[in-house]
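Asks:
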């Protein structure tokens, strides 16, 4: 080939590639496809390389050409094309790209073994569950045919099969994702070991959100899923060699840090790892685990963070080689955790569960040198506590505790003179002593020697000026603990000495250290002399000067340490001495504004509360609320927020605050805002309810609505919240030493808050005359407000659940009310029985109230019996409640007169037309018949045949009656004997089918004082054993189940929905349909027309008012098609000019109307440029517009109905145009 010809060929190649790029930039997919039909192999390869860096829009333009190149079957490009298809067949950003890639793959793979594959991949494009579910069992057949690497006529390569799982794990329907995740666990490890990264990445991405977990919770499969996931990981890791296992876990951890970041997901994954027992394969796990632990450290919930970190540490410890280096690396890692937040709890948790018994033989031999190894690891470290705990744990587990304890004594005796200022070795060994819990290790002389040695050490270490820089970590971890552990010593001299030295020195470092010593000592000893107090006061009144320190951060740290120590000393001083309250108050306010470390702020908040309790002045309280709220806003995104909110509430509920006019209003407004915020943060509700109970003696009537609101507290538990609550509950079940603060137990916050509020209301009602009346009246108001809500009639709605909780409140406090209020309560309860929308849980509670009222008031009971007809007229179903109330009152009173009255009243209702009433009356007669004597049975002998009738074996009547006779409420509840908190708050919500959030757990009831309630504490296990057939129908569990049949026949026809096709726009030149719907009035018809126009490619839709598209009826039918449809506005009076302008533009105007010269639809040929005018729903197209039409078209009818709906007529005409001009061009 000549040089000239070669250059021409090369130039032509670059010219073609340039044309391709230009076509892609112009989004001209037709031109790209046309070029690829005739390009050479080299040019096609150049085009395929464009896919490497293409963006979504470019991808959609180029992907059609991929099918064209695939069809040409160029052998050189096969591998390249397969890689591109493999990349885009699960492309998440474009369905069009996915479908085009699948079409290209279908062109390449034509064997019969691929039939199932393409069916399944095609169906997985559908979003609706009922379309996908029938074909999911094909997975089983495909897995049976799958091979790791090879492909033949009877097998599918794993390279392609794994994409089915990727697509299923990324499916829009959550139940499909759950099924896919569980199905992954059944994949043969031999397949996965060849390429596990894609599946693992998709699986972890699916597990990265809480969406999959609430479905597992609803299916009661979460625990099994967690175990199966752990076993799955171990199975894949162990399928290969040691290096394969090492690479697998490295890949797993890297993918984990990328895809899983939510708190609950990290927790559940960490739980799964406890069921995975890998071999120790890593010599340095720190680089592997640090990214994961960094993500865990950002978890906002303390219990989850502790358990999750511990779980991951234990897993990484399993992976680590058993040697001293690795052991102390983990200890070092723990020392990096923020100790003031959760480090200490985590260290205790981890070291108590570390597998020290699995240490290698080599490590066991080195136990003789345990002390030397410990000391050498501690040197050069900034924090020794973690190493000390770990070393002591090993010593205890392997019988080296005494020898190690003696090493502490030896370290003290080795220092003959404390004038030597190198205390590093002694400090390290004494750090070990701070974790020794067994005093018997230092017996007799050893114990006394150790005591004297420690006194000498501390005396020298703390009070000798060694020019050391104050180290707050060392002081808190070592010296503070040693001072706290000392007993039987007179430390007042040390207190005096520390203050005197502190007053003499100007060094900020020394003042920080010496004042820290004084803080420890003053908190331990109370009998302090006046001389010591004078020295302390001299320190407190002195000015600080830290400007001489060059390091700004260190200067700030020392300044805050001294200020913090002063606040603690001030708090102790003012407890027993008179003081200048205004000066100290101003000190607190200013310090809260200028200091930002939490420890310092916490100290000044404590001091501020102490001052306000000692000297409550209104202006000080008002300013304190403002400043502490500002601190709360600054701490809002930290773990300290709830603590500051507790301080705000403590100030707002001070006796002086509540009894000072003006300030009490500010406090009430502040608490009302916090109460509103508690709906989004249930932890606030916990501290709020605790504050109410603490201030119960001083709360006035203005606070009663808030208390009632808290008694009904409990926001709708969203799915994410339900998952979070279960995770926290599991964390507390795993480890008992987690934080015990009630607000940390997220799974119990709502229940605890409600219980505490009930306790407060009950105490006030019991101890303050007339309070119960106010509470009950306020409850009526709130329940009427709930009745006004739109969703009150829906079971499990928030209105229903809150009204149930308020009904529980009425039942618990009604006995403290006056007679007048009890009469109103009776009328209110009867009204609830009449209302048809009241849920069973509410009817049961109001019935219970009425039974208890009538047991003590015979006159009221007889009046209630007399409203039988009134109840039947209002709601026939209320007769069932009427019968139940009579039944229960009679069972409690057990008099012959009452039995006789019931038999007489119930008998007629046995023939009632209403099935429920008929069954209820028969069941009530049956229950009473079993407890009356023979005399009454003889008197009412005619009832025996009704009660004992048993000829109808298969009917519903017998089944319902039997259920009623075994129902926990109807048959077994005794409204007096079972009047307990357990029954009202725990058993009843469970029996009536409410959520777990509505039932207050029994262990919470044991934590409060029963003396505050009118009801008694009683073990209700006997009642709990009976089922609820009548009232337990509120909560209906509905979810989508995936069936796994034993076999599956071949599927050639499957259901599918949306399948948009592409149109060659170049072929549609001169084709245009415009629909004018300005005459339509109904929004629903306009929504249907809009949807039809968008689906069938109408160019433009004209309506009278574009505001109609916001109408709810429009949107119900449009299905968001207005977002893609070209819409314009034209009023009916503007139509003549509009139609003329269209005619002038070459359009033919056709009207959908029945006229004397209209053409049947099946006989007409539409023009390619057409305007379709639709008439009004009632009047059609007005006469004055008929003259502007070129033609009218009607739909031929053979039925008697006058006409079709305008929306349907328009759809028929539009589809006819689509069929003629557009469908053939797709």
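In full-length UniProt numbering, the protein residues as written are 1 to 1226.
Just so it is clear, CB atoms sit at the ideal spot from N, CA and C, and this is done for glycine as well.
If you count every other CB in all the chains shown that lies within 10 Å of the CB of residue 978, and 16 or more means buried, which is it?
Replies: On the chain shown, residue 978 is found 978 positions in, with the first residue counted as 1. The residue in question, residue 978, is buried, as its Cβ has 16 or more Cβ neighbours within 10 Å.
Asks: With C-beta atoms as the reference, is residue 532 less than 8 angstroms away from residue 495?
Replies: To locate residue 532, count along the chain shown from 1; it is residue 532. To locate residue 495, count along the chain shown from 1; it is residue 495. Yes. Within cutoff.
Asks: Leaving out five residues before and five after residue 297 in sequence, what residues of the same chain have Cβ atoms less than 6 angstroms from its Cβ?
Replies: The residue labelled residue 297 in the question sits at position 297 within the chain shown. Answer for residue 297: no residue qualifies.
Asks: In the DSSP assignment, find the unbroken alpha helix (DSSP H) run with residue 666 in it and report its ends.
Replies: Here residue 666 is taken as the residue at index 666 of the chain shown, counted from 1. Start and end: 663 to 677.
Asks: Tell me the rounded alpha-carbon separation between residue 36 and residue 44.
Replies: For the purposes of this step, residue 36 is taken as the residue at position 36 of the chain shown. For the purposes of this step, residue 44 is taken as the residue at position 44 of the chain shown. Each residue's Cα considered, the two are about 7 angstroms apart.
Asks: Nearest by alpha-carbon distance to residue 245: which of 221, 1101, 192, 218 is it?
Replies: Here residue 245 refers to the residue found at position 245 of the chain shown. When only C-alpha atoms are compared, the closest one is 192.
Asks: What residues match up with residue 1128 in a beta bridge as DSSP calls it?
Replies: Within the chain shown, the letter at position 1128 stands for residue 1128. Residue 1128 pairs with 1102.
Asks: Look at the alpha carbon of residue 1076 and the alpha carbon of residue 1179, and state the distance between them as a whole number of angstroms.
Replies: Along the chain shown, read from residue 1 onward, the residue named residue 1076 stands at position 1076. Along the chain shown, read from residue 1 onward, the residue named residue 1179 stands at position 1179. Roughly 16 angstroms between the two C-alpha positions.
Asks: What are the residues that DSSP puts in a beta bridge with residue 1194?
Replies: Position 1194 of the chain shown, counted from the first residue, corresponds to residue 1194. Looking at the DSSP assignment, residue 1194 forms a beta bridge with 1160.
Asks: Roughly how many angstroms separate the alpha carbons of residue 402 and residue 282, rounded to a whole number?
Replies: Here residue 402 corresponds to residue number 402 of the chain shown, with the count starting at 1. Here residue 282 corresponds to residue number 282 of the chain shown, with the count starting at 1. Approximately 33 angstroms between the Cα atoms of the pair.
Asks: For residue 858, which beta-bridge partners are listed by DSSP?
Replies: By one-based count along the chain shown, residue 858 stands at place 858. The partner list for residue 858 (beta bridge, DSSP) is empty, contrary to what the question assumes.
Asks: Below 6 angstroms CB to CB, which residues in the same chain sit around residue 607 once its five sequence neighbours on both sides are set aside?
Replies: Residue mapping note: residue 607 aligns to position 607 of the chain shown, counting from 1. 567, 570, 571, 588.
Asks: Decide if residue 849 is buried, meaning its Cβ has at least 16 other Cβ atoms within 10 Å, or exposed.
Replies: Within the chain shown, residue 849 is the residue found at index 849, counting from 1. Per the 10 Å Cβ criterion, buried.
Asks: Cα separation between residue 1034 and residue 842?
Replies: Residue mapping note: residue 1034 aligns to position 1034 of the chain shown, counting from 1. Residue mapping note: residue 842 aligns to position 842 of the chain shown, counting from 1. Here residue 1034 scores only 44 on pLDDT, less than 50, and its place in the model is too uncertain to base an answer on.
Asks: Per the contact definition of three or more C-beta pairs closer than 8 angstroms, is the stretch 116 to 129 in contact with the stretch 159 to 173?
Replies: Because the criterion of three Cβ pairs below 8 angstroms is met, the stretch 159 to 173 and the stretch 116 to 129 touch.
Asks: Which residues bound the beta strand (DSSP E) around residue 412?
Replies: For the purposes of this step, residue 412 is taken as residue 412 along the chain shown, with counting starting at 1. Membership of residue 412 in any beta strand (DSSP E) is not indicated; the residue belongs instead to the alpha helix (DSSP H) covering 401 to 413.
Asks: Give the DSSP bridge partners of residue 1150, in chain order.
Replies: Along the chain shown, one-based indexing puts residue 1150 at 1150. Per DSSP, 1172, 1191.
Asks: With a CB to CB cut of under 7 angstroms and the five nearest residues on each side skipped, what residues in its chain are close to residue 1122?
Replies: Against the chain shown, residue 1122 aligns to sequence position 1122. Spatial neighbours of residue 1122 in its own chain (CB-CB distance under 7 angstroms, excluding positions within 5 residues in sequence) are listed in chain order as 1090, 1109.
Asks: Could you give the distance in angstroms between the alpha-carbon of residue 63 and the alpha-carbon of residue 78?
Replies: The residue you call residue 63 lines up with position 63 of the chain shown. The residue you call residue 78 lines up with position 78 of the chain shown. Rounded to the nearest angstrom, the two C-alpha atoms are 16 angstroms apart.
Asks: Assuming residue 1172 and residue 1150 make a contact with CB atoms under 8 angstroms, what is their CB distance in whole Å?
Replies: Here residue 1172 refers to the residue found at position 1172 of the chain shown. Here residue 1150 refers to the residue found at position 1150 of the chain shown. Confirmed, about 6 angstroms.
Asks: Would you kindly report the start and end of the unbroken beta strand (DSSP E) that includes residue 765?
Replies: The residue you call residue 765 lines up with position 765 of the chain shown. First-last for residue 765: 749 to 767, but that is the alpha helix (DSSP H), not the beta strand (DSSP E).
Asks: Going by other Cβ atoms of all chains shown within 10 Å of its Cβ, with 16 needed for buried, is residue 461 buried or exposed?
Replies: Taking the first residue of the chain shown as 1, we reach residue 461 at position 461. Label assigned to residue 461: buried.
Asks: Residue 723 and residue 746 - do their beta-carbons sit closer together than 8 angstroms?
Replies: Taking the first residue of the chain shown as 1, we reach residue 746 at position 746. Taking the first residue of the chain shown as 1, we reach residue 723 at position 723. Their beta carbons are not under 8 angstroms apart, which means residue 746 does not touch residue 723 by this criterion.
Asks: Since residue 266 contacts residue 252 with CB under 8 angstroms, what's their CB separation in whole angstroms?
Replies: Taking the chain shown and counting its residues from 1, the one referred to as residue 266 is at position 266. Taking the chain shown and counting its residues from 1, the one referred to as residue 252 is at position 252. Actually they are not in contact, since the Cβ atoms of residue 266 and residue 252 sit about 14 angstroms apart, beyond 8 angstroms.
Asks: From the DSSP secondary-structure annotation, give me the bridge partner or partners of residue 1075.
Replies: One-based indexing of the chain shown puts residue 1075 at position 1075. Answer by DSSP bridge pairing, in chain order: 1101, 1172.
Asks: So residue 1115 and residue 1147 are supposed to be a Cβ contact under 8 angstroms. How far apart are they, rounded?
Replies: For this step, residue 1115 is matched to residue 1115 along the chain shown. For this step, residue 1147 is matched to residue 1147 along the chain shown. No, residue 1115 and residue 1147 are not in contact; Cβ-Cβ is about 30 angstroms, not under 8 angstroms.
Asks: Would you decide whether residue 1201 is buried or exposed? Buried here means 16 or more other CB atoms lie within 10 Å of its CB.
Replies: Position 1201 of the chain shown, counting from 1, holds the residue named residue 1201. Answer is exposed; the Cβ neighbour count stays below 16.
Asks: Would a C-beta distance cut-off of 8 angstroms place residue 1015 and residue 981 closer than the cut-off?
Replies: By one-based count along the chain shown, residue 1015 stands at place 1015. By one-based count along the chain shown, residue 981 stands at place 981. For residue 1015 and residue 981, yes; Cβs fall inside 8 angstroms.
Asks: Consider the C-beta atom of residue 137 and the heavy atoms of the ligand ADP; say whether any pair is separated by less than 7 angstroms.
Replies: Questions concerning the ligand ADP fall outside what the structure shown contains, since it holds no ligand whatsoever.
Asks: Tell me, please, whether the stretch 705 to 723 touches the stretch 637 to 654 by the rule of three or more beta-carbon pairs shorter than 8 angstroms.
Replies: no
Asks: On the three-state DSSP scale, how would you describe residue 146?
Replies: Against the chain shown, residue 146 aligns to sequence position 146. Note: residue 146 maps to strand in three-state DSSP.
Asks: In the structure shown, what three-state DSSP assignment does residue 172 receive?
Replies: Numbered from its first residue, the chain shown carries residue 172 at position 172. In the structure shown, residue 172 sits in coil (DSSP, three-state: anything other than H, G, I, E or B).
Asks: Helix, strand or coil for residue 257, going by three-state DSSP, please let me know.
Replies: In the chain shown, the residue the question calls residue 257 occupies position 257. DSSP places residue 257 within a helical segment (H, G or I) once states are collapsed to three.
Asks: Could you have a look at residue 1034 and say whether DSSP puts it in helix, strand or coil?
Replies: Counting from 1 along the chain shown, the entry for residue 1034 is found at position 1034. Bear in mind that a pLDDT of 44 at residue 1034, under 50, signals an unreliable position, so the number given afterwards is only what the model happens to contain. Three-state result, residue 1034: coil.
Asks: Span of the alpha helix (DSSP H) holding residue 902?
Replies: Against the chain shown, residue 902 aligns to sequence position 902. Start and end: 896 to 909.
Asks: Kindly identify the DSSP beta-bridge partner or partners of residue 156.
Replies: As a working note, residue 156 is residue 156 in the chain shown. For residue 156, which the question treats as bridged, DSSP gives the partners 146.
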